[in-house]
Every structure is written in C-alpha cells, then in structure tokens.
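**Q** The structure under discussion is supplied below as structure tokens; questions concerning it will follow.
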Amino acid sequence: MTTAEIRVTLPDGSERRLPAGSTAGDLARAIGPGLAKAALAARVNGEVRDLARPLPDGASVAILTDKDPAALDVLRHSSAHVLATAVRQLFPHAKIGFGPAIEDGFYYDFEVPRPFTPEDLQAIEGKMAEVVAADHPFVREEVDRAAAKRRFVDDPLKLERIDDLASDEVISVYTDGPFVDLCRGPHLPGTGRVKHFKLLHAAGAYWRGDERRQMLQRIYGTAWFTKDDLEGYLRRLEEAKKRDHRLIGKALDLYSIQEDVGPGMIFWHPRGAMLNFQLRRFIEDIILARGYELVYTPHVTREQLFRRSGHLPLYAENQFPAMGAGEGEAEDVRYRVKPMNCPMHILVYASQQRSYRDLPIRLAEIANVYRNERSGTLHGMLRVRGLTMDDAHIFLREDQIEQEIFELLDIVELVMGKTFGLDYRLDLATRPAKKLGDDAMWDVAERGLEQALKRRGASYRLDQGGGAFYGPKIDIKFNDAIGREWQGATIQLDFQLPERFQLEYTGADNAPHRPVMIHRAIFGTIERFVGFLIEHFAGAFPLWLSPEQVRVLPIADAQLEAARGVAAALQAAGLRARVDERSETLNYRVRDGEVMKVPYLAVVGQREADAGTVAVRVRGAGKKQVVLPLAELVERLTEEVRTRSLVSSV
RNA sequence: GCCACCGUAGCUCAGUGGUAGAGCUCUCGAUUCGUAAUCGAGUGGUCGUCGGUUCAAAUCCGACCGGUGGCUCCA
C-alpha cells in the first residue's frame with residue numbers, strides 16, 4: 012500500500028490533498044503565499060501545534076495567524092524562550108525552571124546566585140532584541156528519557172521535571188539558536204516573530220510553587236503581535252494605577268492604615284465610613300426582607316470554642332495568639348479573638364430546641380473578625396487583618412438546600428448585577444479528595460447547588476475538587492474594570508460543624524435530625540468590597556453611595572444665605588449636602604468639588620437666589636450645567652437615591 | 001512568612017558624604033469672583049526606628065518597623 016498522499020480538512024469543510032509527510036507550513040504554502048507568510052502555528056484536530064510538524068492523514072487543520080487568540084499564547088510562550096535564551100547568554104550558569112505563557116504575557120523562572128537587578132532586566136531586554144533579530148528557528152525534537160537527561164545534565168530543575176513525566180509521555184525539546192529547553196511546545200516558526208515585547212519586573216517565586224523549596228528568580232514580560240497592542244496594554248496598566256483604591260482612598264480621604272496600630276487594620280475616615288454605612292444598610296434591608304434575623308455576638312471567646320469547632324488546629328496559623336487568663340481565672344482558660352462567626356451563630360441556634368417547621372433559620376451579623384494574615388499578603392483594603400464580614404449562617408434541612416441556594420443566588424444577582432452593574436462569575440466547587448462525610452451526603456449537596464444554578468439559568472464554571480473539606484461551595488468572582496479577578500461572595504455548604512456541635516432539630520417524625528448549615532457572605536467583606544467599588548467607579552460613586560452628595564457653591568458671599576437655604580432643603584430631604592463657604596474663587600471651588608468626585612455641585616448666584624433655582628453641575632460633565640427649581644432638584648435626587656441609580660438624573 | 005525594591009513636611013516629590021528644599025494642603029491678610037487651581041505672608045521635618053562607619057550621615061553599612069511588586073496563603 013502506498014501512502015503518497017494525505018488528505019486534510021480545512022475549517023471551511025473543504026478537503027486538500029498533500030504529499031505524505033507534509034507539514035502545516037506546507038499546507039499554508041499550498042493555500043497561498045499570503046497565508047504562508049502570516050502562518051504562526053496550526054490547530055490540528057483541536058490541538059495547537061508547530062507549523063513544522065507533519066500532518067497526520069485525515070486531520071482537520073486550521074492555520075493560525077495573529078488574528079487567532081490561541082496564537083497569542085504561542086507568541087508569549089515563545090517570548091519566554093527568547094527571554095531564557097538571552098538570560099543564558101548573559102548569565103551562562105543560570106539554571107532554568109518553567110517559562111509559560113500567562114494572561115497578557117509570560118514569565119520564566121531561573122535559579123541564579125543573585126537576584127536580577129533592574130539594570131539586568133534592561134541588558135536582558137537588549138539581548139532579547141538580538142535573539143529576535145537573529146530569527147533562530149524553533150526546532151522540535153522528540154527524545155527518550157535517557158537522551159533528555161543527558162541534554163539537561165546541567166539543569167537540575169529540568170532533570171526533576173523529566174523524572175516526573177509519565178512513562179508514556181512524549182518528551183520533546185525545543186532549540187532556538189544556542190538555547191535548548193525541555194518543552195511541550197508549540198512555538199512560533201522562529202524567534203524573529205517575537206517583535207513587540209517588554210520585560211516588566213522580576214520577583215522571587217518558589218520552585219514549583221512550594222514554599223518549602225528554593226526560591227527562583229522570575230522575570231515577567233508581556234508580548235503582543237502589534238506595536239499598538241503592546242502600547243495599548245501598557246496604557247491600560249497606567250490607567251489601572253490611577254484607579255488603584257489605595258491612591259483614590261487617600262485622595263478622597265476615605266480610609267487610612269496607621270503604622271502605630273498595625274498593618275491590615277483599616278481606619279474608616281468619615282467619607283469612607285459613609286460608604287461602609289450605606290452598604291450595611293443596603294444589605295441589611297435586603298436580608299431582613301428575606302427572613303434573616305440579626306444577631307450580635309462576642310468578639311472574643313474562650314479558646315475551647317474554636318477547639319470544638321475544629322478550627323484551632325487547622326486555622327491557628329491565621330488566628331492571633333491566645334490571650335492569657337484574667338485575674339482569678341484558671342490558668343488554662345485562654346481567650347481568642349474570633350476569625351469567623353460560625354461557632355457563635357451555632358451557639359445561638361443550639362440555645363433552644365428547634366423544630367423542622369422553624370427551618371431555615373437564618374442568622375446574620377455584619378461582624379468584625381480578625382485574622383493574622385501573612386504580612387506579605389496584605390494589600391490595601393483588599394486583603395486586611397481586621398475584616399468586616401457581611402456574614403450569615405443558615406440552618407436548614409437537606410431538602411431545603413436547592414431552594415435556599417436559589418434564593419441566595421437571587422440576592423447575589425440583586426446586589427452585584429442589578430445594583431452595581433458588575434459582571435461576575437460563579438464557580439461551583441465540588442468535593443475534594445480529602446473530605447469529611449459520606450458520598451451520599453455530598454451527592455445531595457452538590458446536586459442541590461447545581462440544580463439551583465441551573466434553575467436560575469446561571470452560567471457557572473465547574474471547579475472539580477475545589478470544595479472545602481466540609482462541603483461544596485459556590486464562589487462568586489468578579490473582574491474589576493481593568494480585568495483583575497477577585498473573590499467576593501461565597502456560599503458554602505457545611506456538614507461538619509453541625510456534626511461537631513451535635514446540632515439537632517425535631518422532625519415531623521418526632522425524632523432528632525441533624526441540620527445542614529450554609530455559610531454565606533454577599534459582599535464577602537466590606538473592606539474588600541469597598542476597595543473593589545473604589546476601583547470600579549474610580550471614586551465616582553453612584554449618588555446613593557457618595558459620601559457627599561451635593562456641594563452648594565455660592566458665587567459670592569452675597570449668596571451665602573441663599574446657599575445655606577439650598578443645603579438645608581437638601582438635608583431636610585435626607586440628602587448629604589453642605590455649603591463650601593471658603594473665600595476662594597468659584598473656579599477653585601468647582602475644581603475641588605470635581606476632584607473630590609462630588610456627584611452634584613449646586614451653584615447659587617444672584618440669578619438663582621432671586622429665582623429660587625440652582626445651577627447644577629453634574630460630576631464629570633464639564634461646563635454643561637442644568638438650572639432647576641430647588642424643589643425639582645430635591646425630587647430628582649431623592650428619586651435617584653431611592654432607586655440606587657447608576658446614572659445621573661440631572 | 002519568602003525574594004527584590006522603596007521609606008525626606010499632612011499630600012506629591014527634589015536633594016548621593018559638608019548648615020534640610022519645592023508645589024499643594026493648612027493658618028493669617030487681601031480678594032467677592034458665573035463653572036477645573038486669585039495674590040501675599042506664615043506654620044510645618046531630630047530625613048521610618050535603632051545601632052555602626054566617618055572629623056562630618058537624609059546620603060555609606062547592619063538590624064528592625066512599614067510599604068510596593070511577585071511567590072505562598074486567602075474574603
């Protein structure tokens with residue numbers, strides 16, 4: 012039998028015949044010179060591969076150009092190799108780790124005697140340009156294990172990786188000019204295709220992400236197909252910096268962190284405190300209307316409570332150390348600040364006998380808890396040690412799980428989607444390998460979560476094995492305006508704590524039963540949520556949230572009394588308004604109001620004072636003002652607040 | 001916690017071995033102004049802390065505290 016020809020199917024469904032042994036690159040050339048020039052890689056039977064690899068007979072093949080998102084990953088991975096090529100030339104003794112493509116860029120890990128300096132990065136970037144100019148082809152070879160080990164005899168990290176490869180795995184190495192790497196690929200045809208890149212920063216990173224292993228030096232970079240894309244990306248990074256809640260938080264006097272008190276502890280200044288207060292009111296109104304009951308519980312407890320809950324051995328690392336026994340107390344009575352509220356709420360549940368008719372019982376508390384987070388993880392308001400959870404624990408029967416989750420998802424949508432207009436994603440995290448409780452229980456729980464998600468028509472990502480050891484959960488993640496992902500709300504089922512605390516309710520059969528418990532937070536924590544909102548709105552909060560809603564500006568002192576009257580009328584309607592009485596020019600005061608992101612500046616000159624109107628300047632709208640009778644302004648703004656509108660009503 | 005970098009007035013920053021600076025903020029005075037910074041004057045810092053080197057340290061070295069970017073961990 013001769014196999015002089017192979018047939019492949021193109022994305023448009025057409026078939027092409029090629030000589031046996033033809034590569035994807037050959038196919039591109041056969042189709043046309045334009046495509047041959049633009050071709051970067053190929054998708055063969057769904058898998059992205061090098062152009063230089065021979066095509067199997069009967070394959071469906073798509074030639075990838077820079078228009079294809081998958082090609083970006085190939086570019087970035089190849090950029091990582093270019094980086095390593097350059098580093099090896101400048102630092103011949105650098106041991107190489109991993110160098111993958113990541114979102115928006117790539118990195119490569121090196122083991123070097125001393126960390127890279129900013130000057131090193133510059134030199135490396137220069138050397139990379141030479142590697143690109145040389146346009147070394149990326150050459151793939153498949154080798155056996157022994158050959159691979161010989162190739163990387165001087166690279167212990169690669170040797171370790173080889174040892175971890177499954178016995179049936181194909182081992183491939185890629186060469187570009189002087190550099191050889193153990194790598195699955197795929198790559199661009201040559202280093203010359205890496206044109207628009209920039210090294211961003213260097214940082215330490217544990218080998219294989221394991222903090223017990225040595226720390227490697229990681230270099231991060233970004234790479235794009237066009238100059239515009241690269242510049243656009245760098246511009247976005249700059250924009251992101253301007254939205255940083257730590258900068259805006261300072262500029263708008265929202266909060267501070269004081270070294271005297273300690274890292275990760277938020278001081279809510281009056282303006283920030285108003286955001287906090289409004290969010291509390293908002294969420295409390297919502298949950299009180301949905302059958303929740305508020306509780307308040309102590310911040311400090313005998314240590315034994317967390318021993319019983321099982322937290323202490325596991326969670327001690329994240330708890331502040333115990334406080335000693337008080338005067339006259341037994342030596343062994345030690346106290347802990349609480350890092351979470353669940354055991355407290357459980358004690359409220361357990362304080363009396365419960366009937367199946369009472370369930371679900373929903374105990375909510377917006378509570379401050381303290382967690383001794385590792386110092387390196389702290390980050391503005393987004394990661395703190397003193398945190399305010401909008402916490403609740405729901406005690407319910409197994410048959411109520413689906414409906415309760417359904418209602419929780421409804422609250423999430425009401426808050427995140429309807430009120431703030433946020434895009435968020437749902438992750439369903441299922442049973443991990445190390446788990447407590449029998450499979451039947453997990454089946455019920457996971458099915459309940461899944462059914463609820465389906466019933467809501469919500470799209471969600473399955474995080475197989477990502478659940479907590481005590482139960483599956485739904486995590487709500489959202490992207491901020493600049494694309495970073497955060498975890499906010501979380502809905503966790505728990506079979507463990509009811510067990511440990513021997514919780515019971517009396518069923519219709521007059522026998523004791525064990526309830527299931529749901530831990531849930533909608534904002535997650537007020538700190539993180541406010542930090543996120545600051546960045547999302549870049550400090551320009553919707554009216555209902557704005558710490559200062561209206562600033563009244565008399566044009567001159569002659570209108571001071573009229574301005575005070577306007578402010579008083581607004582205040583009487585429940586709006587947060589004040590008069591800027593400073594003896595500064597109008598320009599100065601307008602600028603200050605804009606800089607402070609006050610939604611409305613109500614200018615009162617003689618014309619307005621005489622007519623009983625105000626000239627309203629809308630935040631961000633520039634000179635374009637709207638003159639309204641005072642009563643109408645009050646009406647519009649109170650309505651804007653009532654509806655929690657995201658757009659101006661003026 | 002680990003790696004690197006950073007820490008000067010309330011804020012943003014200049015000052016690299018020889019007597020601590022600017023702008024803004026704040027206070028006072030003048031100005032009373034029609035939509036993004038009016039003019040003048042003044043207050044304000046043992047240069048993160050402690051120790052070391054030096055005739056001399058904001059500047060060089062060390063430790064600690066705090067911050068930034070990553071890693072690990074996580075709401």
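With the working numbering as the guide, the letters of the first sequence map in order to residues 12 to 661. We treat Cβ as the ideally placed atom computed from N, Cα and C, and that holds for glycine.
Buried or exposed for residue 89, please, with buried defined as at least 16 other CB atoms from any protein chain shown within 10 angstroms of its CB.
**A** With 16 or more Cβ atoms within 10 Å of its Cβ, residue 89 is classed as buried.
**Q** Measuring CA to CA, which of 173, 182, 463 is closest to residue 154?
**A** The shortest C-alpha separation from residue 154 is found at 182.
**Q** Taking one C-beta from the stretch 232–239 and one from the stretch 74–89 each time, how about it: are there three or more such pairs within less than 8 Å?
**A** The stretch 232–239 vs the stretch 74–89: in contact.
**Q** Would you give the residue range spanned by the alpha helix (DSSP H) that residue 427 belongs to?
**A** From DSSP, residue 427 is part of no alpha helix (DSSP H); its letter is neither H nor E.
**Q** Distance check for residue 313 and residue 346, CA to CA, integer angstroms please.
**A** Going by the C-alpha atoms only, they are around 4 Å apart.
**Q** Note the first and the last residue of the continuous alpha helix (DSSP H) segment covering residue 528.
**A** Segment 527–536 is the beta strand (DSSP E) holding residue 528; no alpha helix (DSSP H) there.
**Q** Classify residue 672 as helix, strand or coil using the three-state DSSP reduction.
**A** Past the boundaries of the shown model lies residue 672; the chain is included only from 12 to 661, so the question cannot be answered.
**Q** Beta carbon of residue 205, beta carbon of residue 199: below 9 Å?
**A** A contact, by the Cβ cut-off of 9 Å.
**Q** Write down the C-beta distance between residue 173 and residue 159 rounded to the nearest angstrom, noting that I regard them as a contact closer than 8 Å.
**A** 5 Å between Cβ atoms; contact.
**Q** In whole angstroms, give me the CA-to-CA distance for residue 97 and residue 136.
**A** The straight-line gap from Cα to Cα measures roughly 8 Å.
**Q** If you measure from the CB of residue 382, is any heavy atom of the ligand ATP nearer than 8 Å?
**A** With respect to the ligand ATP, the structure offers nothing, as it holds no ligand at all.
**Q** Which complete alpha helix (DSSP H) runs does the stretch 230–267 hold, if anything under 4 residues is left out?
**A** Taking only runs of at least 4 residues, the alpha helix (DSSP H) segments lying wholly in the stretch 230–267 are 238–254, 256–262.
**Q** Would the stretch 514–529 and the stretch 400–412 be scored as touching if the rule is three or more Cβ pairs under 8 Å?
**A** Touching, yes.
**Q** Measure the C-alpha to C-alpha separation of residue 301 and residue 532 and round it to an integer number of angstroms.
**A** The alpha-carbon atoms of residue 301 and residue 532 are separated by roughly 15 Å.
**Q** Along the chain, which unbroken stretches of the beta strand (DSSP E) at least 3 residues long are found entirely within the stretch 312–362?
**A** Within the stretch 312–362, the complete beta strand (DSSP E) runs of at least 3 residues are 346–348.
**Q** Per DSSP, what kind of secondary structure is residue 482 in: helix, strand or coil?
**A** Residue 482: strand per DSSP, three-state reduction.
**Q** I'd like the list of long-range same chain contacts for residue 22, defined as Cβ closer than 7 Å, with 5 residues on each side in sequence excluded.
**A** Answer for residue 22: 73, listed in chain order.
**Q** Going by DSSP, what residues sit across from residue 487 in a beta bridge?
**A** According to DSSP, residue 487 bridges with 437.
**Q** How is residue 12 classed by DSSP in three states: helix, strand or coil?
**A** In this prediction, residue 12 has a pLDDT of 44, which is less than 50 and means its spatial position is unreliable; what the coordinates show is noted afterwards. If DSSP states are grouped into helix, strand and coil, residue 12 belongs with coil.
**Q** Nearest-angstrom Cα distance between residue 507 and residue 351?
**A** Residue 507 and residue 351: Cα-Cα distance of roughly 15 Å.
**Q** For the pair the stretch 508–519 and the stretch 464–479, tell me if three or more CB-CB distances fall below 8 Å.
**A** Segments in contact, no.
**Q** Looking only at its own chain, which residues have a Cβ that is under 8 Å from the Cβ of residue 388, when we skip the five neighbours before and after it?
**A** If we look at residue 388 and ignore the five residues flanking it on each side, its Cβ neighbours are 394.
**Q** Just how far apart, CA to CA, sit residue 304 and residue 581?
**A** For residue 304 and residue 581, the distance between alpha carbons rounds to 33 Å.
**Q** Starting from residue 382, trace the alpha helix (DSSP H) both ways and give me its first and last residue.
**A** Careful: residue 382 lies outside any alpha helix (DSSP H) and carries neither H nor E.
**Q** Within its chain, find whatever has a CB closer than 7 Å to the CB of residue 397; leave out the 5 residues flanking it on each side and keep chain order.
**A** Hits under 7 Å: 275, 276, 277, 379, 381.
**Q** Hey, could you find the ends of the beta strand (DSSP E) residue 137 is sitting in?
**A** No beta strand (DSSP E) holds residue 137; the alpha helix (DSSP H) holding it covers 129–145.
**Q** Since residue 589 contacts residue 578 with CB under 8 Å, what's their CB separation in whole angstroms?
**A** Indeed, because the Cβ distance is near 6 Å, the residues count as touching under 8 Å.
**Q** Out of 241, 184, 146, 139, state which residue places its alpha-carbon closest to the alpha-carbon of residue 156.
**A** Of 241, 184, 146, 139, the residue nearest in Cα terms is 184.
**Q** Using the C-alpha atoms, what's the distance from residue 369 back to residue 283?
**A** Between residue 283 and residue 369, the C-alpha separation is close to 39 Å.
**Q** When we look at the beta-carbon of residue 82 and count the other beta-carbons within 10 Å, is it buried (16 or more) or exposed?
**A** Residue 82 comes out buried.
**Q** Going by DSSP in three states, residue 117 sits in which element: helix, strand or coil?
**A** The answer is strand: DSSP assigns residue 117 an E or B state.
**Q** Taking DSSP's pairing of strands, which residues face residue 71 in a bridge?
**A** DSSP output for residue 71 lists 20 as bridge partner(s).
**Q** Taking DSSP as the reference, what is the three-state secondary structure of residue 406?
**A** Residue state, collapsed to three classes: strand.
**Q** Would the beta-carbon of residue 373 fall within 9 Å of that of residue 322?
**A** Contact: no.
**Q** From residue 325 to residue 317, what distance separates their C-alpha atoms?
**A** Whole-angstrom Cα-Cα distance: 10 Å.
**Q** Kindly identify the DSSP beta-bridge partner or partners of residue 375.
**A** 305, 403, per the DSSP bridge assignment.
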